[in-house]
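In our numbering, the protein residues as written are 2 to 304. Using N, Cα and C, we set each Cβ at its ideal position, and we do this for glycine too. Presented below is the structure to which this report refers.
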Ligand SMILES: Cc1cc2nc3c(=O)[nH]c(=O)nc-3n(C[C@H](O)[C@H](O)[C@H](O)COP(=O)(O)O)c2cc1C
């Protein structure tokens, strides 16, 4: 009997649906699947208030993690772990980081093959680099990564995702598509569990190599990687600055965040349009470099 552990943290339930679809073809009389949801000590609101949402920025950008309750009824002899996580401010969400930094995670993850499963807006590449560090610290072995992203790509989801999270409504409006991941993409995630079912029966997880290749596990746009690298660096500097103003939920933090929000608004209306045009021109001359970057960050599973 093979034992698979599935751990995830989902706030609105979107990632939960992705996880359920992903594993729908996995369990049978030879494969046991234990699903455990991480519970944060703090209950996050849904829909979010604007400043409640912004208040998560510092701890998320600095990968500090939030306190979580220990998971009950869990063993430490799994053959494979599937870790479902979402992205908060270009980092793995704070409850997931909190769990991965816990003593419990050290016991469960040690020397285990891990598949990460991301469901987010559109920007997960740098968060996955941080995830690799967290898993390395636990001596876990990342063998696959699957990422599903929202249907309104790029600039559209920059509007539709925050609107959804702060209003609780996903509907399309004006020329914007609905928020969140396409239901057909969620349903199609069952192909990964189906593949795992056959691979586990062949003991393939013991080889510590990707099991989910050639299934369209990830789809990276090389043109966005540079932007994500710059945004991650800048958010780290800003997070340290905003932290100086005070603790989470304090007036000082609100003031500090207002500076950052002002900076972002300025960025969106000035530097970003110029940057987009310049990059469009430069990218024409560096197609090979962008493809190399895509290949690098598409690993381990690839397209
Ligand atoms: C505080 C916060 C920050 C977020 N930042 C990002 C981000 O930087 N990149 C991204 O692709 N998605 C981001 N998202 C969207 C989430 O990754 C995810 O798609 C959404 O919260 C729904 O996930 P759920 O399954 O937990 O409900 C953010 C969400 C929240 C709540």
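Check: Span separating the alpha-carbon of residue 155 from that of residue 123; Outcome: 7 angstroms
Check: Residue from 121, 255 and 240 with nearest C-alpha to residue 186; Outcome: 121
Check: Distance between beta carbons of residue 95 and residue 57, contact taken as under 8 angstroms; Outcome: 6 angstroms
Check: Contact between the region 237-254 and the region 164-179 (3+ Cβ pairs under 8 angstroms); Outcome: no
Check: Cβ separation of residue 198 and residue 29, assumed to be a contact under 8 angstroms, to the nearest whole Å; Outcome: 7 angstroms
Check: Any non-hydrogen atom of ligand 1 within 7 angstroms of residue 14 CB; Outcome: yes
Check: Residue from 118, 92, 76 and 127 with nearest C-alpha to residue 110; Outcome: 76
Check: Residue nearest to residue 193 in terms of C-alpha spacing, selected from 255, 250, 169 and 19; Outcome: 19
Check: Residue 260 beta carbon near ligand 1 (any heavy atom closer than 7 angstroms); Outcome: no
Check: Ligand 1 heavy atom lying under 7 angstroms from the CB of residue 38; Outcome: no
Check: Sufficient close CB pairs (3 or more, under 8 angstroms) joining the region 228-239 to the region 89-105; Outcome: yes
Check: Ligand 1 heavy atom lying under 7 angstroms from the CB of residue 273; Outcome: no
Check: Where residue 13 sits in the DSSP three-state scheme; Outcome: coil
Check: Check whether residue 66 and residue 102 have beta carbons under 8 angstroms apart; Outcome: yes
Check: heavy atom of ligand 1 below 7 angstroms from residue 166 C-beta; Outcome: yes
Check: Residue 145 versus residue 46 - alpha carbon distance; Outcome: 31 angstroms
Check: Residue 302 versus residue 256 - alpha carbon distance; Outcome: 43 angstroms
Check: CA-to-CA distance, residue 278 to residue 140, given in whole angstroms; Outcome: 43 angstroms
Check: At least three beta-carbon pairs within less than 8 angstroms, the region 71-86 to the region 6-22; Outcome: yes
Check: Residue 89 - partner residues in DSSP beta bridges; Outcome: 92
Check: Beta-carbon proximity list for residue 162, same chain, < 7 angstroms, skipping 5 on both sides; Outcome: 122, 151 and 180
Check: DSSP state of residue 117 mapped onto helix, strand, coil; Outcome: strand
Check: Candidates 48, 53, 42 and 3: closest to residue 33 by CA position; Outcome: 3
Check: Simplified DSSP assignment, three categories, for residue 300; Outcome: coil
Check: Backbone CA spacing between residue 59 and residue 249 [nearest angstrom]; Outcome: 8 angstroms
Check: Local Cβ density within 10 Å of residue 210, reported as buried at 16 or more and exposed below that; Outcome: exposed
Check: Short Cβ contact (8 angstroms threshold) for residue 298 with residue 221; Outcome: yes
Check: Classification of residue 208 by the beta-carbon crowding that lies within 10 angstroms, buried from 16 upward; Outcome: exposed
Check: Rounded straight-line distance, which links the Cα of residue 290 to that of residue 22; Outcome: 35 angstroms
Check: Neighbourhood of residue 40 by C-beta, 7 angstroms cutoff - its chain only, sequence neighbours within 5 removed; Outcome: 69 and 70
Check: heavy atom of ligand 1 below 7 angstroms from residue 125 C-beta; Outcome: yes
Check: Cross-strand partners of residue 7 (DSSP beta bridge); Outcome: 36 and 83
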